[in-house]
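Protein chains in written order, with the numbering used here: chain W, 45 to 385; chain R, 3 to 230.
See the structure below:
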């Protein structure tokens with residue numbers, strides 16, 4: 045029995061799977077294209093729903109891989125995977141070759157490129173940023189100001205940017221943006237107590253136990269108003285403030301609003317790395333372009349190819365805690381497969 | 003006889019233009035007409051999606067379907083790939099075919115459009131021709147227009163146009179065989195039949211309102227609908 049596994053991606057899912065399998069006595073090789081581990085959490089500031097620092101999660105991950113039978117290969121990309129009976133041969137751009145019993149894909153997601161929704165002016169107007177930009181700024185300890193250096197008096201958040209939108213080919217809900225919007229509105233309100241926050245949404249999907257409480261808190265204590273309508277277009281005023289248009293669908297009236305800062309809550313999409321691996325391994329994909337599990341109920345971590353497993357947001361949008369749980373189930377699935385090989 | 007709802011569903015343009023609206027309002031938010039009129043493309047999508055025959059007929063009889071400028075901005079935004087602009091085009095056609103258009107102020111103006119742009123293209127080969135923009139019906143053109151209208155030969159010559167003369171140039175006379183091709187297209191595609199229906203229903207309405215006694219003397223009705 046080959047007791048080695050290649051894990052592709054050192055984000056939340058990859059590291060969790062690696063650490064559990066290492067505990068079970070397997071040799072795990074983690075291949076990570078970036079210099080640092082952590083994936084999208086590497087640059088995140090605070091996490092919903094309790095505003096804990098993402099650094100704590102990063103620290104957890106750092107500790108988890110400090111075991112002898114996990115080897116991390118940073119700055120490395122998989123170039124080819126071939127199969128000889130029950131052994132997978134994984135090659136990288138660093139000319140390393142791994143012969144392993146199973147491969148786990150944990151390549152995660154890519155935040156939606158907001159420039160594709162040109163009508164929101166990202167990359168065109170200075171005071172339009174994304175939720176990712178805001179996290180990065182907060183994590184770097186930068187002051188949040190308009191590009192003119194002023195404290196924002198009114199901030200709007202646009203929900204579903206790159207999600208539930210046939211125009212960009214993403215018909216699915218990215219699941220985490222609604223609550224991220226609420227979290228960021230509260231953070232901005234704490235930073236600018238006199239400022240007004242507006243969230244423009246189609247539906248608010250408060251699916252976590254604590255999310256509804258968070259949402260209520262934003263409304264009651266953090267100057268946040270929720271307007272049910274999708275923003276159709278933004279433009280820039282002479283003073284660089286942002287003019288947006290939407291319909292307040294609950295009152296049935298079109299509205300225009302001037303804001304100092306516009307935050308686009310970008311969704312998740314399948315990354316190029318997952319696409320490449322799907323091509324190499326001929327894996328099935330869902331219509332949403334995520335990797336298709338063998339059986340969504342009973343074999344959620346099994347890909348369409350024997351010996352190739354999947355975990356985390358390369359399967360579908362997930363929160364961090366869902367990714368953790370998903371990764372643990374993937375580890376059990378891999379163990380079961382290798383034991384019965 | 004299919005119901006109006008069934009007829010909508012049979013139109014390929016309609017089928018392509020409404021896929022489960024989620025009422026996000028982005029069409030109304032981008033709509034130029036919604037900014038100025040009591041008009042909401044989102045509500046149109048809601049009504050046709052609901053499929054209530056009475057509500058749809060009420061819509062066909064209302065001013066509402068005539069506010070859209072057919073700019074198709076809604077098409078560029080809808081996250082479900084709907085297009086209310088196209089739905090409006092289908093509703094308008096049924097309103098014309100069934101005569102519901104005469105029940106609203108803006109609907110009644112279909113006669114003016116048919117007689118101006120619609121007939122002019124068949125008569126002159128142009129949608130708008132200087133001959134038909136009668137100052138009497140177009141006060142919006144201002145007082146200078148009347149002078150231009152009366153002196154059009156000289157005015158257009160000075161503008162380097164070739165008004166109503168053979169040869170090349172702006173506003174040249176369109177040759178008979180070309181005009182015949184245009185008429186054939188309108189005949190085959192149902193355009194002529196639709197024009198006849200607009201005339202027919204408008205005359206019936208004019209008669210009902212006591213503004214015309216035969217289809218050839220509709221001047222009072224035309225004046226009425228131009229100014230109502």
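Every residue gets a Cβ at the ideal spot worked out from N, C-alpha and C, and that includes glycine.
Residue i: contacting residues in chain R (beta-carbon distance under 7 Å)
i, result
"residue 298 of chain W", "30, 31, 36 and 37"
"residue 209 of chain W", "81"
"residue 276 of chain W", "28, 31, 32 and 79"
"residue 273 of chain W", "26, 27 and 31"
Delimiting residues of the alpha helix (DSSP H) encompassing residue i
i, result
"residue 368 of chain W", "364-383"
"residue 179 of chain W", "175-183"
"residue 197 of chain R", "193-210"
"residue 102 of chain R", "That residue, residue 102 of chain R, is in no alpha helix (DSSP H); it is neither H nor E in DSSP."
"residue 7 of chain R", "6-12"
"residue 44 of chain R", "43-52"
"residue 123 of chain R", "121-126"
"residue 73 of chain W", "No alpha helix (DSSP H) contains residue 73 of chain W, which is instead part of the beta strand (DSSP E) from 71-75."
"residue 216 of chain W", "That residue, residue 216 of chain W, is in no alpha helix (DSSP H); it is neither H nor E in DSSP."
"residue 146 of chain R", "145-152"
Cutoff 9 Å: residue i Cβ touching any chain R Cβ
i, result
"residue 163 of chain W", "yes"
"residue 311 of chain W", "no"
"residue 204 of chain W", "yes"
For residue i, the first and last residue of its enclosing beta strand (DSSP E)
i, result
"residue 304 of chain W", "Neither: residue 304 of chain W is in no beta strand (DSSP E) and is coded neither H nor E."
"residue 237 of chain W", "Premise fails: residue 237 of chain W is in no beta strand (DSSP E) and is neither H nor E."
"residue 295 of chain W", "Looking at the DSSP string, residue 295 of chain W is not in any beta strand (DSSP E), and its letter there is neither H nor E."
"residue 124 of chain W", "122-128"
"residue 107 of chain R", "Unbroken run through residue 107 of chain R is the alpha helix (DSSP H), 107-110; no beta strand (DSSP E)."
"residue 98 of chain W", "Careful: residue 98 of chain W lies outside any beta strand (DSSP E), inside the alpha helix (DSSP H) at 98-108."
"residue 279 of chain W", "277-280"
"residue 204 of chain W", "198-205"
"residue 148 of chain W", "146-149"
"residue 274 of chain W", "Segment: none, residue 274 of chain W is in no beta strand (DSSP E) and carries neither H nor E."
"residue 153 of chain W", "153-155"
"residue 116 of chain W", "114-117"
"residue 48 of chain W", "48-52"
Within-9 Å CB hit, residue i to chain W
i, result
"residue 234 of chain R", "Lying before the first or after the last residue shown, residue 234 of chain R is absent from chain R, which here runs from 3 to 230."
Cross-chain neighbours of residue i in chain R, by beta carbon under 9 Å
i, result
"residue 246 of chain W", "24, 25, 26, 27, 28 and 81"
Any non-hydrogen atom of the ligand NAP within 8 Å of residue i CB
i, result
"residue 111 of chain W", "Because no ligand of any kind appears in the structure shown, any question about the ligand NAP cannot be addressed here."
Q) What residues from the stretch 282-293 of chain W come within 8 Å of chain R, judged by C-beta to C-beta, listed N to C? A) 289, 290, 291, 292 and 293
Q. If you pair each beta-carbon of the stretch 74-84 of chain W with each one of the stretch 118-131 of chain W, do three or more pairs fall below 8 Å?
A. yes
Q.
Counting only Cβ-Cβ distances shorter than 8 Å, please list the residues of the stretch 39-69 of chain R near chain W, keeping chain order.
A. Within the stretch 39-69 of chain R, 42, 44 and 45 place their CB atoms closer than 8 Å to a CB of chain W, listed in sequence order.
Q.
Would the stretch 19-27 of chain R count as touching the stretch 48-57 of chain R if we require 3 or more Cβ pairs under 8 Å?
A. yes
Q: For the stretch 275-285 of chain W and the stretch 297-309 of chain W, state whether three or more C-beta atom pairs, one from each stretch, are separated by less than 8 Å.
A: yes
Q. Touching or not, the stretch 61-75 of chain R and the stretch 32-41 of chain R, by the rule of three or more beta carbon pairs under 8 Å?
A. yes
(Q) So, does the stretch 179-190 of chain R touch the stretch 76-83 of chain R, judging by three or more C-beta pairs under 8 Å? (A) no
(Q) Under 8 Å, with one C-beta from each stretch per pair, do the stretch 238-253 of chain W and the stretch 194-214 of chain W reach the 3-pair mark? (A) yes
Q) Quick one: any contact between the stretch 138-152 of chain W and the stretch 348-357 of chain W, if contact means 3 or more CB pairs under 8 Å? A) yes
Q) Counting pairs of beta carbons, one from the stretch 79-95 of chain W and one from the stretch 171-189 of chain W, are three or more of them closer than 8 Å? A) By the Cβ criterion, the stretch 79-95 of chain W is in contact with the stretch 171-189 of chain W, since at least three pairs of Cβ atoms, one from each stretch, lie closer than 8 Å.
Q) Does the stretch 224-236 of chain W come within contact of the stretch 87-107 of chain W, defined as at least 3 CB pairs closer than 8 Å? A) The stretch 87-107 of chain W and the stretch 224-236 of chain W touch, with three or more beta-carbon pairs separated by less than 8 Å.
Q.
Check whether the stretch 335-347 of chain W and the stretch 247-261 of chain W touch, using three or more Cβ-Cβ pairs below 8 Å as the test.
A. no
(Q) For the structure I just gave you, are there three or more beta carbon pairs, one from the stretch 53-66 of chain W and one from the stretch 131-140 of chain W, closer than 8 Å? (A) With the cut-off at 8 Å, the stretch 53-66 of chain W and the stretch 131-140 of chain W do not touch.
Q. Hey, is the stretch 86-98 of chain R in contact with the stretch 67-76 of chain R, meaning 3+ C-beta pairs nearer than 8 Å?
A. As far as the Cβ criterion goes, the stretch 86-98 of chain R touches the stretch 67-76 of chain R, which means the pair count is three or higher.
Q) Is the stretch 267-282 of chain W touching the stretch 313-320 of chain W, taking contact as three or more C-beta pairs under 8 Å? A) no
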